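>
Protein chains: 2
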Amino acid sequence: MMEMKNINELAKRAKDASYALAAVPSRVKDGALRRMARALESNCQEIIRENKKDMAYARHLSGALTDRLILNEARVRLMADSLRHVALLKDPVGEVIKSGLRPNGLRIQKSRVPIGVIGIIYEARPNVTSDCIGLCLKSGNAVILKGGSEAINTNRAIFRILQKAAKKSSLPPDTFSFIDTTGRKALDYLLGLNKYIDLIIPRGGEGLIRFVDEHSKIPVIKHYKGICHTYVDARADLAMAENICFNAKAQRPGVCNAMETLLVHIDIAREFLPAMINRYKQAGVEIRGCPRTRKIVLGIKAAKEIDWHTEYLGLILSVKVVSGLMEAISHINHYGSRHSDAIVTKDRQNAMKFLRGVDSACVYVNASTRFTDGYEFGLGAEIGISTDKIHARGPMALEELTTYKYMIFGNGQVRT
Amino acid sequence: MMEMKNINELAKRAKDASYALAAVPSRVKDGALRRMARALESNCQEIIRENKKDMAYARHLSGALTDRLILNEARVRLMADSLRHVALLKDPVGEVIKSGLRPNGLRIQKSRVPIGVIGIIYEARPNVTSDCIGLCLKSGNAVILKGGSEAINTNRAIFRILQKAAKKSSLPPDTFSFIDTTGRKALDYLLGLNKYIDLIIPRGGEGLIRFVDEHSKIPVIKHYKGICHTYVDARADLAMAENICFNAKAQRPGVCNAMETLLVHIDIAREFLPAMINRYKQAGVEIRGCPRTRKIVLGIKAAKEIDWHTEYLGLILSVKVVSGLMEAISHINHYGSRHSDAIVTKDRQNAMKFLRGVDSACVYVNASTRFTDGYEFGLGAEIGISTDKIHARGPMALEELTTYKYMIFGNGQVRT
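So the protein sequences, as listed, match chains B and C. Take the first sequence: its letters are residues 27 to 442, numbered as in our numbering. Take the second sequence: its letters are residues 27 to 442, numbered as in our numbering.
Shown next as structure tokens:
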């Protein structure tokens, strides 16, 4: 069990490491990433052995949770491939974002730099350990990891292997740190270290994220949940709408970018809803409808107020008939989670009104909300999704792990 | 005295206003800004009358504070001119930051949008009322203002005049709101309304800013203080160094971008310091030196540990002789406030090491730190300076009052 003073010391050393790391060239970082990938593969059996210990403790947990926890050779290889992939991405550090010459001869250059020290607080997925180490390293940030108790043996093994490989690549010591204790007391202490840690990214269930957000003295970027909507406009191509709505709900219902609520314009509800709901029912989707929906398709359970607020993460869908675009936008801004929302329409004006009016990170016209993802967006990676509005919104990858500084080049200018 | 439930209602209405305001075209916003400027001028006497009430209460306050508080015709005209100037700036809303076509045909467009609702917490300067209303309006944000008790009559008058002018320009009602009460209880309540308010910018003394940062459940962008350094390298042009150092300290010592600590390379200390310190002394600057400084120039007060941490905001300077560039960088990263720091050197490599190694918002080569300012940087305005690293760093203007959303244009894409 780590003492609090050890956590303080570890964070202080991470801060020192971050200054050195900011100046490490891409070549060295990429070499380290490839060495770390090889180390994961050549120590695969050790990782799986440690993972079995965690799995033994986890027997009482749900199937979904143990599925997130379990590792096999294929999954370890995926972790290694992710690190190699990150090595191939463009290094965001050093990019000149803007540059201008002032009338007094000062050149003012806005340059991309690492944030500093990033704390990752996560739960059962051990791949988060290596994914976050890879992305933070590539973006020049020192990282402090605190994983859940369910995966402590696996995480510890992965961390040890990656740290050993990093040492051989002459990265600054303490570039990665691992809080080798579990429990909320250590977490609470860590979240107070705003002197050393610049940003916290929590990854896990809503309970963990709320705890982190409420206790942190450090800025937090997060998303609580994904209550995503699709609105089928009066001017939609109904065959396209059916495909999009089915995909958004049923293709992988357990993820944050899956749809939870379907909104349908009253003028096409009678034409659209019966076939749509029939298709959902055949796929085992339970429908909870508003009064108008239940008049159009009989035998549907009534949606309660709480349904519009709920991320089902499963085969349940709430359905509401709305009187028009403005009601759809209001409903989404009131009940949504600022994640991903779509309109299906052939009307360009309605599409633009929806895109501008819906206050979410990702707003779609004629596509499934399921595309909200760093890889699908072409960012090459993803460290999380933000439903906040400060610093980063939507999928976060390397660029979102950076900030900027102003570099000002003069030749003796003084202010008069 | 406003009840807490009234503050809640006011924030809720500001949120509603922010949705409507996001879609208001530049033309309407600029027209409103110009009408508001005229209204300030034509109601100048009313503002001055109300200001006199505040000044009467303020007789017991310090001269610096009453200077910030007092308004006259010239100052009201400056406020009006600021609004007209903001009307001329480019509207940041709607800018396409990036746009790309994915292999599946999805067009993913990163578009600049307003943040939403911004809370400004400030102290004695009544011009903040009109400046912040102007910048938030131009960037499409609803704004909630809470000023200090010293200026309550002046602020109330300015707010009422601007709100009346805005109504004539058909801006959404509740685009600006004013918490017409003072005291920390109302402030504490306001800082908990993260459901409605997206960002808090505090402007004032360190005490106010610490209170806001510690109590806020809403993201805060701030700067506590400006402990700015100038490092004179062994390879500096010493005449240039003397000019820069004198300007950075003495031209206007009471502001956050003025220098508080001078660092001098040991190899040129004997040559540089006597004349430099003599010039400071002639300008009435008190010097507090490290042991080596005190050996070179006799009769100087010793700097204590606390001096390196202190923002004097006046004619005092701490001076330290350092053994080289790395010690200078370490000193700044340890004692500095991440605001503005400068190196004077003819050595390009040393300059780049300093710029990369110093972890501050603005890092200078061969220029005075006094240039850290939105106008001097060409941003056209300034709502504050950030020494944070998340979202915005250094001078903040219109662009820093925006965020982005992803707009995704498809033609039926679903995820497989």
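Positions of the beta carbon are idealized from the N, C-alpha and C atoms, including for glycine. Computed from a predicted model, the values in this text were never measured in an experiment.
Quick one: is B/G436 buried, meaning 16 or more other Cβ sit within 10 Å of its Cβ, or exposed?
Burial call: buried.
> When you compare each of B/D263, B/A418, B/G310 to B/K372 by their alpha carbons, which one comes out closest?
Of the candidates B/D263, B/A418, B/G310, the one whose C-alpha sits nearest the C-alpha of B/K372 is B/D263.
> Spatial neighbours of C/A276 within its chain, please: CB distance less than 8 Å, with the 5 preceding and 5 following residues excluded, ordered by chain position.
For C/A276, where only same-chain residues beyond five positions count, the Cβ hits under 8 Å are Y306, A309, V311, L341.
> What residue range is occupied by the uninterrupted alpha helix (DSSP H) comprising B/N376?
Counting along the chain, the alpha helix (DSSP H) containing B/N376 begins and ends at 374 to 383.
> Quick check on C/A274: buried or exposed, where buried means 16 or more other Cβ atoms within 10 Å of its Cβ?
Buried: at least 16 other Cβ atoms inside 10 Å.
> List, in chain order, every chain B residue whose beta-carbon is nearer than 8 Å to that of C/Q277.
Result: V440, R441, T442.
> Which runs of the alpha helix (DSSP H) fall wholly inside the stretch 62 to 115 of chain B and span at least 4 residues, in chain order?
Listed in chain order, they are 70 to 83, 89 to 95, 99 to 114.
> Could you check the C-alpha separation between B/V258 and B/H365 for me, to the nearest Å?
So the alpha carbons of these two residues sit roughly 18 Å apart.
> In terms of alpha-carbon separation, which member of C/C271, C/N304, C/T208 lies closest to C/I147?
When each option's Cα is compared against that of C/I147, the closest is C/T208.
> To the nearest angstrom, how far is it from the Cα of C/D293 to the Cα of B/Y432?
Roughly 29 Å separates the two Cα atoms.
> For C/T398, is the classification buried or exposed, using 16 other Cβ atoms within 10 angstroms of its Cβ as the cut-off for buried?
It counts as buried.
> Are the stretch 348 to 355 of chain B and the stretch 109 to 118 of chain C touching by the rule of at least three beta carbon pairs closer than 8 Å?
Too few Cβ pairs lie closer than 8 Å, so no.
> Establish whether the CB of C/D214 and some CB of chain B are separated by less than 8 Å.
By this cut-off, C/D214 is not an interface position.
> Any contact between the stretch 230 to 239 of chain B and the stretch 89 to 97 of chain B? By contact I mean 3 or more CB pairs, one from each, below 8 Å.
With the cut-off at 8 Å, the stretch 230 to 239 of chain B and the stretch 89 to 97 of chain B do not touch.
> Could you give the residue range of the alpha helix (DSSP H) that holds C/E331?
Note, C/E331: alpha helix (DSSP H), 331 to 334.
> Give the C-beta separation of B/V370 and B/M266 to the nearest angstrom, bearing in mind that I take them to be a contact with Cβ-Cβ under 8 Å.
That pair is a contact at about 6 Å.
> Taking B/I416 as the query, report the chain C residues whose CB atoms sit under 8 Å from its CB, ordered along the chain.
In chain order: I141, D224, L225, P245, I247, I416, H417, T429.
> Between which residues of its own chain and B/E72 is the CB-CB distance below 8 Å, once the five residues before and five after are set aside?
Correct list, in chain order: A183, I187.
> Suppose only complete runs of 3+ residues qualify. What are the beta strand (DSSP E) ranges in the stretch 239 to 269 of chain C, listed by chain order?
Segments of the beta strand (DSSP E) lying fully in the stretch 239 to 269 of chain C: 254 to 258.
> In whole angstroms, what is the alpha-carbon distance linking C/V143 and B/L405?
Spanning the two alpha carbons is a distance of roughly 29 Å.
> How many Å lie between C/S156 and B/M105 at the Cα?
Distance between the alpha carbons of C/S156 and B/M105: 54 Å.
> Would you call the stretch 32 to 46 of chain B and the stretch 191 to 204 of chain B in contact, with 3 or more CB pairs under 8 Å?
Enough Cβ pairs lie closer than 8 Å, so yes.
> Sort out for me which residues DSSP pairs B/G410 with in a bridge.
B/M422, per the DSSP bridge assignment.
> Which one or two residues does DSSP pair with C/Y430 in a beta bridge?
C/R138.
> When DSSP labels each residue in this structure, what does B/T319 get in the three-state scheme?
B/T319: helix per DSSP, three-state reduction.
> Is B/S386 close to chain C? Criterion is C-beta to C-beta, closer than 8 Å.
So, interface residue.
> If you follow the alpha helix (DSSP H) that C/I157 is part of, which residue opens it and which one closes it?
According to the sequence provided, residue 157 of chain C is Asp. The question's Ile does not apply to it. Counting along the chain, the alpha helix (DSSP H) containing C/D157 begins and ends at 153 to 164.
> In this structure, what does DSSP give as the bridge partners for B/Q439?
DSSP output for B/Q439 lists C/A393 as bridge partner(s).
> Residues of chain B with a CB under 8 Å from the CB of C/V389: which are they?
Per Cβ cutoff of 8 Å: K431, Y432, M433, I434.
> How many Å lie between C/I244 and C/L219 at the Cα?
Those two C-alpha atoms are separated by around 7 Å.
> Where does C/Y401 land, buried or exposed, given buried means 16+ other C-beta within 10 angstroms?
So C/Y401 ends up on the exposed side.
> Would B/A48 count as contacting chain C if we go by Cβ distances under 8 Å?
For B/A48, the answer is yes, since a Cβ of chain C falls inside 8 Å of its Cβ.
> State yes or no: is the beta carbon of C/F397 nearer than 8 Å to at least one beta carbon in chain B?
Closer than 8 Å: yes.
> Report buried or exposed for C/E331, applying the criterion of at least 16 other Cβ atoms within 10 angstroms of its Cβ.
Burial call: exposed.
> Can you list, in chain order, the residues of its chain whose CB lies under 7 Å from that of B/P421, leaving out five sequence neighbours each side?
T398, D399, G400, F403, L405, E408, I411.
> Run down chain C in chain order and give the residues with a C-beta less than 7 Å from the C-beta of B/R382.
Under the 7 Å cutoff, chain C gives A48, A49.
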